[in-house]
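Okay, structure first, notes after.
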Amino acid sequence: MSLTYDNVSFIYPGSTAGVFDIALDIARGELVAVIGASGSGKSTILKLLAGFMQPDAGRILVEGQDVGPLAPEDRRLGVVFQNYALFPHMRLWENITYPLKVRGIRRAERRARAQEMLARVGMEGRGDDWPTAISGGQQQRVALARALIFEPRGLLLDEPLSALDAGLRTSMRDEIRRVQRAAGIATLLVTHDQEEALSIADRIVVMHDGRIIQTGTPQELYETPVNAQVAAFVGQSNLWPGTVEQTGRVRTPIGTLACPTEGYAPGAAVTVLVRPERILPAEPEQPPRVNDFRGTVVADRYLGPVRRIDLSVDGGLIRLETHARGAVGRVSIPAEAVRLLPGADAAGTRS
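Numbering (UniProt numbering), first residue to last: 1 to 351.
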């Protein structure tokens with residue numbers, strides 16, 4: 001049950017916006033998340049796979065079959081939308097089995113299969129409830145059950161958790177992953193929530209201006225982004241424009257940093273990436289360490305387990321994330337925490 005984009009392009013009529021040369025394979029049992037800024041094309045590629053739009057070039061294949069000529073209902077793809085789209089006049093078991101009803105499955109069999117799906121999503125015994133009687137998280141479970149009940153060839157998730165509060169999103173993304181793994185189904189998740197993508201995806205696709213700019217595991221994208229756009233979009237980041245002064249040294253707005261410079265000649269323009277959790281607070285009496293900076297705290301956000309602090313130094317801002325509870329006025333940046341990216345296309349600290 002694989003899903004494939006074979007160099008797919010689509011341009012919205014009367015504009016230059018769309019998606020271009022999308023090449024992507026999603027294997028059986030794999031969950032691939034697509035992230036990107038608004039207008040990057042992530043929702044467009046889901047709609048193309050679902051059959052709501054037709055590509056201008058390239059092919060979309062499901063289990064090796066070109067589904068271009070097929071209507072959405074004939075592609076056998078389960079879809080979970082942002083608003084869940086449950087029918088308020090139907091009980092939960094009827095909502096879940098609606099795809100079976102339109103396929104002519106008998107009522108008794110539909111009801112039995114609904115009970116199985118309700119148990120799978122942790123809502124056993126709730127089949128006779130109405131959608132208005134259950135919470136948002138439970139509605140999401142019902143929508144997921146409906147998308148899977150007809151044994152689809154792929155699962156498409158379009159911002160499925162965006163309507164839930166933060167605490168519930170965390171538990172429900174784990175539930176989605178559990179159900180998806182149990183079903184062993186190829187899944188495409190479109191989300192604006194980078195943490196959601198990092199936490200449950202096998203691979204992440206980052207899109208910008210209608211093109212894929214990097215695909216990789218969550219760790220690959222976080223640790224080795226190909227450029228500043230990816231670094232800024234995946235996780236929190238310090239991004240500074242820099243110039244390689246000499247081997248092992250880079251000049252930045254906050255000062256000169258000692259760091260690995262392999263692959264960059266003196267004079268090369270670079271973007272300097274440092275993740276906030278890699279920056280180390282220093283005690284006042286502690287001897288200076290490599291890349292030692294003093295500054296003034298201009299923002300201190302207490303988030304329970306961690307603090308996110310903005311430290312103003314001469315020439316710029318350093319953002320750090322720390323478990324330290326004391327005052328922070330001095331930090332060091334380990335040389336190995338510094339990563340150089342192509343081009344000086346960052347103007348400061350981003351997240």
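From the three backbone atoms N, C-alpha and C, an ideal C-beta is built for every residue, glycine too.
Its chain contains Glu321, Thr322 and His323 as the residues whose beta carbon lies nearer than 7 Å to that of Val306, once the 5 sequence neighbours on both sides are disregarded; these appear in chain order. Beyond the five residues adjoining it in sequence on each side, Phe87 comes within less than 8 Å, by CB distance, of Glu94, Asn95, Tyr98 and Pro131 in the same chain, given in chain order.
Contact annotation: Val206 and Ile213 have beta-carbon atoms nearer than 8 Å.
Within its own chain, the residues whose Cβ lies closer than 8 Å to the Cβ of Leu273, once the five positions on either side in sequence are excluded, are Pro225, Ala228, Ala231, Ser237, Asn238, Leu239, Val338, Arg339, Leu340 and Leu341, listed in chain order. Shown here, Leu198 sits in a helix according to DSSP, grouped into three states. For Leu164, the closest C-alpha among the options Thr215, Arg308, Ala23 and Asp193 is that of Asp193. For Leu164, the secondary structure class from DSSP, reduced to helix, strand or coil, is coil. Annotated three-state conformation of Ile96 is helix, per DSSP.
Under DSSP, Phe293 forms a beta bridge with Val331.
Ranked by how close their Cα comes to the Cα of Gly127, the residues Met117, Ser135 and Gly136 have Met117 in first place.
For Ile318, the enclosing beta strand (DSSP E) covers residues Gly316 to Thr322. Two segments are said to touch when three or more pairs of C-beta atoms, one from each, lie closer than 8 Å; by this definition the segment 265 to 272 does not touch the segment 280 to 289. Beta-carbon to beta-carbon, Gln82 and Pro13 are separated by about 24 Å, too far to satisfy the 8 Å threshold. Of the residues assessed, Arg110 falls on the buried side of the cut-off, its CB having 16 or more other CB atoms within 10 angstroms. Separation of Arg91 and Ala183 (C-alpha to C-alpha, rounded to the nearest whole angstrom) is 24 Å.
The Cβ-Cβ distance between Pro55 and Ser9 falls below 8 Å.
The beta carbon of Phe20 lies closer than 7 Å to those of Ser9, Gly210 and Arg211 in the same chain, with the five residues before and after it left out.
Spatial neighbours of Lys47 in its own chain (CB-CB distance under 7 Å, excluding positions within 5 residues in sequence) are listed in chain order as Met53.
For the segment 249 to 307, there is no continuous alpha helix (DSSP H) assignment of 4+ residues that stays within its boundaries. In the structure shown, the three-state DSSP call for Pro342 is strand. According to the DSSP assignment, Gly242 belongs to the beta strand (DSSP E) that extends over Asn238 to Gln246. For Ile35, the enclosing beta strand (DSSP E) starts and ends at Leu31 to Gly36. Checking the DSSP bridge columns, you'll see Tyr5 partnered with Leu24 and Ile60. Inclusion of Gly51 and Ala71 in the CB contact set at 8 Å is warranted, their separation being smaller than that value.
Under the three-state reduction of DSSP, Leu46 is assigned to helix.
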